[in-house]
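Comments concern the structure below.
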Amino acid sequence: MGADFFKLLGGVSIARSRRQIKHFYAEEMDRIGQFPTRHQPNNRYPLTDLEDELSYKSLSEQIERFALSIYRPSSYVTSEEAKKRLADEKKKLRFNQADRERFLIGMIRVNFLKRLESSAHSLTETLKRTIGKIDDLLEKIDRYGQNLLLDERADSLPDDDEDDEEFQINRARTPYHLRELDLPRWKKDLLKDKKTLEAVYERVSIITPERDGKLREIKAHIRDRAQHPTTDKDGRINRKLLVFSTFKDTVEYLYENLTDLASELGLNMAMVSGDVTRTTSGANNFNAILTNFAPRAHGQTNSTDEIDLLLATDCISEGQNLQDCDTVLNYDIHWNPVRIIQRFGRIDRIGSRNHSVRMINYWPTKDMEVYLRLQSRVQARMALADATASGDDDPLNEDPSEQIQMELNFRDEQLKKMHEEVLDLDELSDGVVMSDFTLDYFFAQLLRYLEQNKAELEAMPYGAYAVTDGEGDTPQPGVIFFLRQRNASTDKREKRASPIHPYYAVYIRDNEYIRYGCANARQVLELFESVALGKTEPLQKLCDQFDRETQNGQDMDHYDKLLKAVIAHIGGEDRATQIRQLGIQGQRDFRLPAKSEKPGNADFDLITWLIIAKA
5 MGADFFKLLG
15 GVSIARSRRQ
25 IKHFYAEEMD
35 RIGQFPTRHQ
45 PNNRYPLTDL
55 EDELSYKSLS
65 EQIERFALSI
75 YRPSSYVTSE
85 EAKKRLADEK
95 KKLRFNQADR
105 ERFLIGMIRV
115 NFLKRLESSA
125 HSLTETLKRT
135 IGKIDDLLEK
145 IDRYGQNLLL
155 DERADSLPDD
165 DEDDEEFQIN
175 RARTPYHLRE
185 LDLPRWKKDL
195 LKDKKTLEAV
205 YERVSIITPE
215 RDGKLREIKA
225 HIRDRAQHPT
235 TDKDGRINRK
245 LLVFSTFKDT
255 VEYLYENLTD
265 LASELGLNMA
275 MVSGDVTRTT
285 SGANNFNAIL
295 TNFAPRAHGQ
305 TNSTDEIDLL
315 LATDCISEGQ
325 NLQDCDTVLN
335 YDIHWNPVRI
345 IQRFGRIDRI
355 GSRNHSVRMI
365 NYWPTKDMEV
375 YLRLQSRVQA
385 RMALADATAS
395 GDDDPLNEDP
405 SEQIQMELNF
415 RDEQLKKMHE
425 EVLDLDELSD
435 GVVMSDFTLD
445 YFFAQLLRYL
455 EQNKAELEAM
465 PYGAYAVTDG
475 EGDTPQPGVI
485 FFLRQRNAST
495 DKREKRASPI
505 HPYYAVYIRD
515 NEYIRYGCAN
525 ARQVLELFES
535 VALGKTEPLQ
545 KLCDQFDRET
555 QNGQDMDHYD
565 KLLKAVIAHI
575 GGEDRATQIR
585 QLGIQGQRDF
595 RLPAKSEKPG
605 NADFDLITWL
615 IIAKA
């Protein structure tokens with residue numbers, strides 16, 4: 005890896021968990037301040053409908069039954085030419101337009117479900133837009149049937165939730181002309197869908213602000229917060245509240261319906277949602293609003309436009325320092341626990357002047373088993389549909405449903421834990437994050453070595469190796485392999501198990517047991533350092549032993565076997581990582597690679613390897 009790689013990575017990989025900061029930066033914490041104390045989460049279960057005429061469970065089950073034929077024109081193809089395109093695409097890619105549509109509908113159902121959890125207003129807005137799209141398509145079909153419309157594509161694009169990357173949908177054009185479809189049958193199903201959606205719309209639209217239980221709950225909390233504020237370490241009164249929602253519709257709804265209350269209580273209020281900002285105090289732009297909400301965190305000591313109540317989507321869930329505030333309220337629960345932790349991380353920061361920080365969660369139901377069952381049914385169904393849509397009888401050489409269910413079960417467990425405590429990022433396994441590995445120490449050493457020995461390293465061939473022993477807690481005999489994947493994808497959406505992809509570091513014992521896998525780069529590097537640091541000359545006794553065992557390098561069967569086991573491990577770990585993204589990334593064209601696409605021995609370069617031996 006070149007020095008430029010480490011310089012770039014060092015400039016961006018600065019995330020740390022609480023545990024890591026306390027462990028590695030204890031002296032600095034004594035100087036700049038400690039973390040605030042975390043309170044146990046305050047879990048609330050406000051009714052969606054104060055008159056209790058709407059059932060979350062029954063509405064969720066009704067949403068699961070949405071056919072949404074507007075988004076599956078492939079089901080109505082009659083043209084032989086279009087059928088051939090579908091078949092050819094399936095044969096070539098093992099995933100065609102019909103599969104994409106099935107996946108898309110699964111994502112839209114999840115979107116409806118999450119909007120129901122967020123607010124009745126958010127769901128009605130989406131239902132209204134979807135009904136409008138059906139009306140537009142029905143009109144297009146009628147005009148085409150009356151020869152009033154030249155043949156056009158049967159476009160029917162869904163709504164994107166641009167504030168939630170996990171629900172973003174690829175806006176590809178539908179590849180069919182109206183003449184290629186069974187329009188009478190499609191029209192019949194569209195009318196049926198419209199009737200179903202209108203029935204749900206009528207049920208949900210009765211929830212006016214006056215009978216919105218969640219809105220009443222947050223109003224009561226804001227009033228209590230204003231009347232009973234906390235006091236920070238400097239004696240300043242703190243009435244600040246940071247409210248998160250996944251959806252822009254909900255944030256705008258809250259802003260409209262909390263303005264009068266904020267004015268009554270003398271609170272300045274603002275909202276940020278992507279490129280939409282509104283405020284009752286100060287300049288109406290993203291940076292000004294965040295500065296006015298947390299002036300001291302931004303180095304402003306005499307703010308005259310200080311904001312007390314901030315409503316936001318997850319556009320500010322990462323990277324922003326808002327530690328002037330000591331309370332986060334999750335108006336809805338994001339289905340990815342990492343997002344909840346990132347939201348709380350805006351206020352749970354080292355050096356905070358607050359004695360403590362707290363998180364309030366609004367859950368749609370007290371029965372967590374019901375909640376998780378309703379949520380995971382849709383996720384699992386569309387993930388499994390996507391996994392099996394490859395057309396390969398055994399795409400993973402194992403049962404993908406088992407791994408998918410394990411991942412969903414893990415997320416369920418984290419959501420349950422959030423009832424009792426605030427978790428850290430390093431307590432979750434939701435893909436690779438740099439804070440899990442603390443690689444900066446090694447990057448700094450490697451960067452210095454690269455700069456000092458550039459010519460020597462550039463001249464060194466791939467496959468260079470050495471033999472070493474261990475000291476102290478001697479590791480068992482084995483090999484540390486460093487590999488690089490050839491022609492690795494640069495698509496950042498494709499998650500990989502290794503935090504240093506396309507490079508992989510693995511420690512395998514002589515009995516083929518993977519002690520530290522490719523996801524454990526830090527542990528591999530620590531082991532490498534412990535057995536090699538300071539050894540600048542060959543260990544002649546071990547080198548002679550290696551030569552005898554391998555007949556001077558002529559018999560490398562044992563090490564070939566270990567290397568093949570490592571490459572098989574890498575393929576399995578990468579597949580497991582990709583499975584965790586099924587139905588979660590929101591990518592309409594995502595597919596699980598077939599077993600024929602699994603990287604093999606010829607797809608990797610052996611950069612270097614270190615043999616750990618015993619005399």
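Residue numbers for the sequence shown follow this note's numbering, so the first one is 5 and each next one is one higher. Using N, Cα and C, we set each Cβ at its ideal position, and we do this for glycine too.
At a cut-off of 3 residues, the continuous stretches assigned as beta strand (DSSP E) that sit fully inside the stretch 314-344 are 331-334. Closest in alpha carbon position to E260, among A274, L108, K237, is A274. In the three-state scheme derived from DSSP, where H, G and I count as helix and E and B as strand, F486 is classed as strand.
Shown here for D197: same chain residues with a beta carbon closer than 7 Å to its own, the five before and five after excluded, namely A71, L72, S73, I74, I138 in chain order.
Looking at Q66, P542, A572, the one whose alpha-carbon comes closest to that of D607 is A572. When beta bridges are read from the DSSP output, N47 appears opposite N365.
In the three-state reduction of the DSSP assignment, M275 falls in the strand class. Non-local C-beta neighbours of R189 in its own chain, meaning closer than 7 Å and more than five positions away in sequence, comprise Y80, ordered along the chain. Under the 10 Å beta carbon count, D146 is surrounded by fewer than 16 other beta carbons and is classified as exposed. Considering only H338, Q66, K118, V332, the residue with the shortest C-alpha distance to A203 is Q66. Annotation: G278 to S249 spans about 12 Å, alpha carbon to alpha carbon.
If you check the CB distance, E577 and G538 do not come in under 8 Å.
Beta-bridge analysis with DSSP links Y520 to Y511. With fewer than 16 other Cβ atoms inside 10 Å of its own Cβ, I241 counts as exposed. In the structure shown, S249 adopts coil according to DSSP, grouped into three states. Checking the DSSP bridge columns, you'll see A536 has no partner listed.
For the set P50, A301, L313, K370, the Cα lying nearest the Cα of L269 is the one of L313. When the five nearest sequence neighbours on each side are left out, the beta carbons in the same chain lying within less than 7 Å of the beta carbon of L201 are those of L131, T134, I135, in order along the chain. DSSP, reduced to helix, strand and coil, places S360 within a strand of the structure shown. With a 10 Å radius around the Cβ and a threshold of 16 neighbouring Cβ atoms, G110 comes out buried.
Here E105 is actually not in contact with R69; their C-beta atoms are around 17 Å apart, not less than 8 Å.
The Cβ-Cβ distance between V361 and L246 does not fall below 8 Å. For secondary structure counted as the alpha helix (DSSP H) over 4 or more consecutive residues, the stretch 78-166 holds these complete runs in sequence order: 84-97, 101-122, 124-149.
Around the CB of S285, 16 or more other CB atoms lie within 10 Å, so the residue is classed as buried.
When the five nearest sequence neighbours on each side are left out, the beta carbons in the same chain lying within less than 6 Å of the beta carbon of A509 are those of F486, A525, V528, in order along the chain. A Cβ-Cβ distance of about 32 Å is found for the pair Y205 and T82, leaving them out of contact under the 8 Å criterion.
In chain order, Q101, A102, E105 place their CB closer than 6 Å to the CB of S78, counting only its own chain and leaving out the 5 sequence neighbours on each side. Straight across, the Cα-Cα distance linking N115 with C319 is about 18 Å. When rounded, the separation of the alpha-carbon atoms in E460 and Y466 is 13 Å.
Taking 8 Å as the cut-off, the beta carbon of L614 is found no closer than this to the beta carbon of F550. In this structure, Y60 keeps its C-beta atom at 8 Å or more from the C-beta atom of T254.
For R526, the secondary structure class from DSSP, reduced to helix, strand or coil, is helix.
I337 is a Cβ neighbour of E121, given a cutoff of 8 Å. Look at F608 here: in three-state DSSP terms it is strand. Nearest neighbour of V570 by Cα position, chosen from V535, G557, L546, S502, turns out to be S502. Shortest Cα-Cα distance from E55 to any of H181, R48, V208 involves V208.
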